[in-house]
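So the structure is just underneath, and the comments pick up after that.
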Amino acid sequence: MPNIAVLTSGGDSPGMNAAVMSVARNAAYYGLSLIGIKRGYNGLLGRSKNPEDDYVRMHLDTVLDIADLPGTWLRTARCREFLDPEVRERAVKTLHNLDVNGLVIIGGDGSFNGAMRLCELGVPCIGIPGTIDNDLAYTEMTLGYDTAVNVCVDAVRAIRATSRSHDRPHVVEVMGRDCGDIALATAEATGSEIVVVPEVKWKVDDVAAQLNRHIAQGNTRATVVVAEGCWRSMAPFDVYKFLLPYGKEVYQGEPMTANRFASVLKRKCGMIEARSTVIGYTQRGCSPTARDSMFAFEAGAMAVQLLKQGISNQVIGVKNGRTFHMPIDKALAEKKHFNKKLFRLINSL
Ligand code: ADP
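Every number in our numbering is 775 more than the matching position in the sequence shown, counting from 1.
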């Protein structure tokens, strides 16, 4: 029976297990046997003493149990050595030894670059976008994004309830190193008053002025949703100089955090209290929403069908609400457009 393999790579995202299950069910349907590669590209390098730590033959009954589990059952990891062409040759040998003639890679743009290199070496590869950040331009959604947004929306709703009780503003940090989509969607869905993202340059004083505007209108409990990467697009602001102005110990250039930002806003807006919450990894380690699970189901099916038809070097995505595929290089060349119109609307109300 011909073999195909599947791996999850880069940061984990909700729905990776559901996609693996879909690949397994479709492989079984077409009479292909499936090998699960452990810890991203690491599992192809033959470094573990026990081969079971590098790859496993995946049977339907095992896979059926994992579909709605959070995390990734196959494990995931980064693999710096994979940037080395000689190491990639070794990976190809492993795949040949396992009689694998098709590989499904679930990960982000880095993982897709690895997939392209493997295609160049004659291994047919298909990529499924697994990343909560939604930072891939070619697709309307990535696996895990919808789940991450829903986790953030639940958290912000709870935070806004307590903000209301105490009449105090709250800074909420969500994930998104270079992409503010989670922050933007969370702010939109929760009616949060202010959103700050990496894509738009900003100043602490401008956000303080925005918050002051809400306070002047009687809203003393506004929510400021910030993306984790937004501090890099902030105009320089010396937090410690501002918070400890009496010549105690001044740490020049101390980085801004959600907690410090809340303290700065409290002082700048004359509030008695302002709080902060970093939602963090709950966004990644959560069971997938129906929407992510549905995309996982369709993407897994399409990946196996493409391999079966001898089509490779493709990534799967969603366009106009429908699952589609396109060449990896063209997909990675697309430039992500941030929804500035929505960003301005939220911040101007
Ligand atoms: P993500 O897939 O979530 O973007 P990374 O950028 O960390 O995560 O990439 C995941 C892995 O993909 C890397 O650890 C490496 O093994 C592989 N990879 C990334 N870039 C390349 C590249 N240019 N060539 C080959 N492999 C790569």
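No residue lacks a Cβ here, since even glycine has one placed at the ideal position from N, Cα and C. Note that the coordinates shown come from a computational prediction; the quantities given were computed from them, not determined experimentally.
May I ask you to list the residues that DSSP assigns as paired with Pro-899?
-> Paired residue(s): none; Pro-899 is not in a bridge.
What is the rounded straight-line gap between the Cα of Pro-805 and the Cα of Ile-812?
-> The question names Pro, yet the displayed sequence has Tyr at residue 805. The alpha-carbon atoms of Tyr-805 and Ile-812 are separated by roughly 20 Å.
If you draw a straight line from the C-alpha of Arg-932 to the C-alpha of His-945, how long is it?
-> 12 Å
Beta carbon of Leu-959, beta carbon of Val-970: below 8 Å?
-> yes
Roughly how many angstroms separate the alpha carbons of Arg-800 and Leu-835, rounded to a whole number?
-> 7 Å
Within 7 Å: the Cβ of Gly-919 and any heavy atom of the ligand ADP?
-> no
Using the C-alpha atoms, what's the distance from Thr-998 back to Asp-1104?
-> 40 Å
Simplified DSSP state of His-989, which is helix, strand or coil | helix
Simplified DSSP assignment, three categories, for Arg-832 = strand
Name the residue from Asp-921, Ile-1047, Ser-1051, Tyr-816 whose alpha carbon lies nearest to the alpha carbon of Phe-1036.
-> Ser-1051
Coarse secondary structure for Pro-1102, derived from DSSP in three states | strand
Quick one: measure Cβ to Cβ for Ala-912 and Lys-1111, integer angstroms, because I've assumed they're closer than 8 Å.
-> 4 Å
Given 8 Å as the limit, is there contact between the region 1007 to 1019 and the region 1059 to 1074, that is, 3 or more CB pairs closer than that?
-> no
Return the chain-ordered list of same chain residues with a C-beta closer than 8 Å to the C-beta of Ser-967, the five sequence neighbours on each side being excluded.
-> Val-931, Arg-935, Val-947, Thr-961, Ala-997, Thr-998, Val-999, Val-1000, Ile-1121
Give the single residue among Ser-1062, Asp-840, Gly-883 whose Cα lies nearest to the Cα of Leu-782.
-> Gly-883
Can you tell me which of the three DSSP states Asn-1084 falls into?
-> First, the residue type needs correcting, since residue 1084 is Gln and not Asn in the sequence shown. DSSP places Gln-1084 in coil when its eight states are reduced to three.
Would you report the Cα separation of Lys-1094 and Ala-866, rounded to the nearest angstrom?
-> 33 Å
Residues bridged to Met-1009 (per DSSP) | Trp-977
Best match in Pro-789, Leu-1040, Val-975, Met-950 for proximity to Arg-988 [C-alpha to C-alpha] | Leu-1040
Helix, strand or coil at Thr-998 [DSSP, three-state] | strand
Based on Cα-Cα distance, which residue from Asp-829, Lys-824, Ala-842 lies nearest to Asn-792?
-> Ala-842
Among Val-1079, Thr-1057, Ser-1008, Gly-905, which has the Cα closest to the Cα of Thr-1032?
-> Ser-1008
Cα-Cα separation between Asn-1034 and Val-1053, rounded to whole angstroms = 9 Å
Beta-carbon proximity list for Glu-1109, same chain, < 6 Å, skipping 5 on both sides = Ala-912, Tyr-913
Can you say whether Thr-1089 is buried or exposed, counting buried as having 16 or more other CB atoms within 10 angstroms of its CB?
-> The sequence as given places Gln at residue 1089; Thr does not occur at that position. Buried, since its Cβ has 16 or more Cβ neighbours within 10 Å.
Once you ignore the five residues that flank Cys-854 on each side, which residues in its own chain have a CB closer than 6 Å to its CB?
-> Gly-815, Tyr-816, Asn-817
Euclidean distance between Cα positions of Met-916 and Val-875 | 29 Å
How long is the line joining the alpha carbons of Glu-856 and Arg-863, rounded to whole angstroms?
-> 8 Å
So is the beta-carbon of Thr-906 under 7 Å away from any non-hydrogen atom of the ligand ADP?
-> yes
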